[in-house]
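Here the structure is laid out as structure tokens; the discussion comes afterwards.
Dropping the structure here:
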């Protein structure tokens, strides 16, 4: 009895082939990396929503774009306003520096007699003008002669007196130029004011004479001691010259601070 061989492509062969295919391993696919999200700009967002065709989103994006432009415009206006304010302040400061009164006080500090004579001579500023703010440690109400005395500018003091400055003019603290010079320990300036007839008996708002102020500072330097000696000598000389003048009896008031 003969056996027959199954033809190629029969069901038995197909089953065997499919089993081999099932046994082959399947290659694993590599995991995909998540893409980084990038925040679109206003213009990109506008383009995206236009592409998607959403009218509502188009309006929102357009509104945001207008707000951005408006904020930029506001910042520009504010910046221009700040620049304008700074420019105006600079002009105001320059005008203040060039004001005749400020020029006169500056000339007194630097002992510039020519500028002092020129400013007062051309009537650009009065010789007895008072500075409306505290200046050079003199408080409010200082006149040019106080500033000149403060710096020991004897040339400026002489020019001011010749131009009509009042040697007895007082600050808001009641101090004369002699008070200022004595407190600073400036013998030459004190001598000049005494020669011009300064009153040694004038008291400031605290009840102090020029001699009182000089005595308080006598321990600081020999210059203050020299001022004390000068003032005492002058008081004695004036007392001998006249005994009827109650302001120059030689009596020294006690300096009291409350």
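In my numbering, the protein residues as written are -4 to 253. We treat Cβ as the ideally placed atom computed from N, Cα and C, and that holds for glycine.
Quick check: what's the CA-CA separation for residue 215 versus residue 209? Roughly 10 Å between the two C-alpha positions.
Which residues in the same chain as residue 150 place their Cβ atom closer than 7 Å to its Cβ, once the five residues preceding and following it in sequence are excluded? Excluding residues within five positions, the ones whose Cβ falls inside 7 Å are 106 and 108.
Backbone secondary structure at residue 128 - three-state DSSP: The answer is coil: DSSP assigns residue 128 none of H, G, I, E or B.
Return the chain-ordered list of same chain residues with a C-beta closer than 7 Å to the C-beta of residue 229, the five sequence neighbours on each side being excluded. The residues are 189 and 195.
Among 176, 82 and 153, the one whose alpha carbon lies nearest that of residue 218: With distances taken between CA atoms, residue 218 lies nearest to 176 out of 176, 82 and 153.
Which residue's Cα is closest to the Cα of residue 198: 94, 99, 166 and 97? In terms of CA proximity to residue 198, 166 leads the group 94, 99, 166 and 97.
Does DSSP put residue 103 in a helix, in a strand, or in coil? Helix.
Where does residue 116 sit, in a helix, a strand or coil, going by DSSP? DSSP places residue 116 in the helix class (H, G or I) of the three-state scheme.
Less than 6 Å between C-beta atoms, sequence neighbours within five positions excluded: which residues of the same chain meet that for residue 183? Taken in chain order, the residues that qualify are 149.
Using only the alpha-carbon positions, how far apart do residue 224 and residue 126 sit? In this model, residue 224 and residue 126 are separated by some 32 Å (Cα to Cα).
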